[in-house]
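Student:
Number of protein chains: 2
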Amino acid sequence: MRIGIIGLGLIGGSMAIDLTAASHEVIGISRRQETCDRAMARQMVHHASTDLSCLAGTDVVVICTPLHAIATTVTALLPHITADTVLTDVGSVKQPVVASVSKLWMNYVGGHPMAGTAHQGIDAAMSNLFVNRPYVLTPTDQTPAAAVDRLNQLIRPLGSIIYRCDPIIHDQAVAWISHLPVMVSASLISACTHANAEALELAQALASSGFRDTSRVGGGNPELGVMMAQHNRSNLLQSLQDYRQQLDQLINLVDKEDWQALELALAQTQRDRPSFVDP
Amino acid sequence: MRIGIIGLGLIGGSMAIDLTAASHEVIGISRRQETCDRAMARQMVHHASTDLSCLAGTDVVVICTPLHAIATTVTALLPHITADTVLTDVGSVKQPVVASVSKLWMNYVGGHPMAGTAHQGIDAAMSNLFVNRPYVLTPTDQTPAAAVDRLNQLIRPLGSIIYRCDPIIHDQAVAWISHLPVMVSASLISACTHANAEALELAQALASSGFRDTSRVGGGNPELGVMMAQHNRSNLLQSLQDYRQQLDQLINLVDKEDWQALELALAQTQRDRPSFVDP
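Protein chains in written order, with the numbering used here: chain A, 1 to 279; chain B, 1001 to 1279.
1. Starting from the beta carbon of threonine 193 (chain A), find every residue of chain B whose beta carbon is closer than 7 Å, and list them in chain order.
2. With a threshold of 8 Å between beta carbons, is methionine 1114 (chain B) in contact with chain A?
3. Confirm, please, whether the CB-CB distance from glutamine 95 (chain A) to aspartate 171 (chain A) is below 8 Å.
4. Check whether the Cβ atoms of leucine 1180 (chain B) and valine 254 (chain A) lie closer than 8 Å to each other.
5. Counting only the same chain and skipping the five closest in sequence on each side, list residues whose C-beta sits under 6 Å from that of threonine 1143 (chain B).
6. Given a cut-off of 8 Å, decide if valine 97 (chain A) and isoleucine 122 (chain A) are closer than it, judged by their beta-carbon atoms.
7. For arginine 1212 (chain B), count neighbouring C-beta atoms within 10 Å of its own C-beta (all shown protein chains included) and say buried if the count is 16 or more, exposed if not.
8. Run through DSSP, which three-state label would isoleucine 1027 (chain B) get?
9. Does asparagine 1252 (chain B) get closer than 8 Å to chain A when you measure Cβ to Cβ?
10. Run through the stretch 88 to 173 of chain A for me and flag every whole beta strand (DSSP E) of 3 or more residues, listed as ranges in chain order.
11. Does any C-beta atom of chain B lie closer than 8 Å to the C-beta of glutamine 172 (chain A)?
12. Starting from glycine 1004 (chain B), trace the beta strand (DSSP E) both ways and give me its first and last residue.
13. So glutamate 1198 (chain B) contacts chain A; which residues on that side make the cut at Cβ distance below 7 Å?
14. Compare the beta carbon distance of alanine 39 (chain A) and glycine 13 (chain A) with 8 Å and say whether it is the shorter of the two.
15. Pop quiz: alanine 1083 (chain B) and asparagine 1107 (chain B) are said to be a contact at Cβ under 8 Å. What is the actual Cβ separation, rounded to whole angstroms?
16. Please list the partners that glutamine 246 (chain A) has in chain B, where partner means a Cβ-to-Cβ separation under 7 Å.
17. Would you please verify whether the beta carbon of valine 1334 (chain B) is less than 8 Å from any beta carbon of chain A?
18. Is there contact between the stretch 1187 to 1204 of chain B and the stretch 242 to 251 of chain A, where contact requires at least three CB pairs shorter than 8 Å?
19. Could you give the distance in angstroms between the alpha-carbon of valine 1060 (chain B) and the alpha-carbon of isoleucine 1029 (chain B)?
20. If contacts are defined as beta-carbon pairs under 8 Å, then aspartate 278 (chain A) and proline 157 (chain A) qualify, I think. What distance do you get, rounded to the angstrom?
21. Which residues share a DSSP beta bridge with valine 60 (chain A)?
22. DSSP puts histidine 1047 (chain B) in a beta bridge; with which residues?
23. Between which residues of its own chain and alanine 115 (chain A) is the CB-CB distance below 6 Å, once the five residues before and five after are set aside?
24. Compare the Cα-Cα distances from leucine 104 (chain A) to each of A:Val136, A:Leu87, A:Gln120 and A:Ala118 and report the closest residue.
25. If you measure from the CB of isoleucine 177 (chain A), is any heavy atom of the ligand FMN nearer than 7 Å?
26. Anyone know if the C-beta pair for glycine 210 (chain A) and valine 182 (chain A) falls short of 8 Å?
27. With DSSP as the reference, label threonine 73 (chain A) as helix, strand or coil.
28. Please confirm whether glycine 111 (chain A) has its beta-carbon closer than 8 Å to some beta-carbon of chain B.
29. Please report the straight-line C-alpha distance between proline 79 (chain A) and isoleucine 169 (chain A), rounded to a whole angstrom.
30. Please confirm if glutamine 1120 (chain B) has its CB atom under 8 Å from at least one CB of chain D.
31. In whole angstroms, what separates the C-alpha of tyrosine 135 (chain A) from that of tyrosine 163 (chain A)?
32. Provide the residue span of the alpha helix (DSSP H) that contains proline 222 (chain A), from first to last.
33. Counting along the chain, where does the alpha helix (DSSP H) carrying glycine 13 (chain A) start and finish?
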């Protein structure tokens, strides 16, 4: 297939590498000529350009821009593609993206490949980034079955585990397991900096793996955190309210010194965690 | 020196290994003969016994029992030692332990070596467990300087980074960076299990490193979690209340859609985290 990839960062670049390796003809688009040159030098793409008109005749275009730029990118792209071209995106929130892009283009399937590394940008792009990682597709009742089929065919060689669900269910799920942890973890860091001076100094010296793991995502990129909150606000708020209730229950048990109930609650979380992640 | 170690689990056993290697005469005490046999077979100690009277003539006795058993162990030990013997313990909460043991024995210095592995018991005991890990000593105004000196001399070869502070400051510091994260993390697991059925199923499939790290200590040993809460209740409650305030501030920013303030808050936590742990 002839494939366009708009945005050659970690996700777009890594996808370009794998799709080029799978014998597709890959055209990469970046706003910056320097990134195009880098993509060509690394042979990640067959052609790279800053000009969307290069995407004429593509079978699939994958939009790998930041969330807020997806709809405007689609609008700019439309004059250059024909009705047969399937569009998809890789945004980490789906309902608002699917709602706006669906209005612009029929042949569109929302997508979210859940892979990443600690690094960003084209230089972090790598082969096999998506192997054994979830790749969520969010077609709606209006999405043509042929578009979903073509996209499935394209991404199968990436080695992802493909899920298919409603955009709203996707956004609820990522609110709970991806966006809520950022707020929970950031609040831990804020709280700890409020310890009294003498205890704070010792806490900073003694903090180890427990604090390290629990605070990791709260110490991450602030722009990503805000982006998640902006685009998935209502689901995030719901999960935060529910979290606060659970926290209040634990606080209450400690306050009442109900150690038996606290042990039951912690035994329950110990049992429940493996249903989300391996121990 | 002639050293007694009461309780041959991960901490007591690992200490026995290092102190035996440092040419001290180490006598291990366990409630179970099987553990004594194992300690002898592994040559972790010079002698192992279930009988506290073997500790006659020791220069230092390190009490490595669970927190709740420390004071009763000291009471049982007293008939067998002389006034010169220095006692210490390895309990993870210090103020209540120091308060009760100080009344029983003058020559006592509270201690907390902050090391561990995912495993417990004598079979998990290993050499060099304490290297480059914090070891907090909590002498009070009444603690004889000679006792602190002898203990310092004993633990120096373990390779720990030795801190010295008031028991109350220790307990505040560990409430913030060790006990609070358990409650924060457990609440996350509880909250996520309350997502609606369809989103829950997807969340369980999609959960990855962010959820894994943030939920790790909340999915740990429930008895340890309860033990921390019981013995460090007031400091933990204080940290939980402060945490809840920080959480409420973030919830409020998301609710008001004050994205600029949210970005400032997350940029602050990003800056603050490295003062606790390496990035």
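Here a beta-carbon is modelled for each residue, glycine too, at the ideal position from N, C-alpha and C. Fair warning: this is a prediction, and the values are worked out from it, not measured in the lab.
Tutor: In brief:
1. Within chain B, the residues near threonine 193 (chain A) are Asp1272.
2. yes
3. yes
4. no
5. Contacts found: Val1109.
6. The criterion of a C-beta distance shorter than 8 Å is not satisfied by isoleucine 122 (chain A) and valine 97 (chain A).
7. By the neighbour-count rule (16 or more Cβ atoms within 10 Å), arginine 1212 (chain B) is buried.
8. The three-state reading of DSSP puts isoleucine 1027 (chain B) in strand, counting E and B together.
9. It does not; no Cβ of chain A falls within 8 Å.
10. 108 to 113, 134 to 138 and 161 to 164
11. Yes - at least one Cβ of chain B is within 8 Å of the one on glutamine 172 (chain A).
12. 1002 to 1006
13. Ile169
14. yes
15. 7 Å
16. Ser1187, Ser1190 and Ala1191
17. With chain B running from 1001 to 1279 in the structure shown, residue 1334 (chain B) is simply not present.
18. yes
19. 13 Å
20. Contact flag wrong, Cβ pair sits at about 26 Å.
21. A:Ile3 and A:Val86
22. DSSP output for histidine 1047 (chain B) lists B:Ile1027 as bridge partner(s).
23. Leu129, Phe130 and Arg133
24. A:Leu87
25. Summarising the ligand content, the structure contains no ligands, and the ligand FMN is consequently not present.
26. no
27. helix
28. no
29. 32 Å
30. In the displayed structure, chain D is absent; the protein chains listed are A and B.
31. 6 Å
32. Residues 222 to 231.
33. 10 to 21
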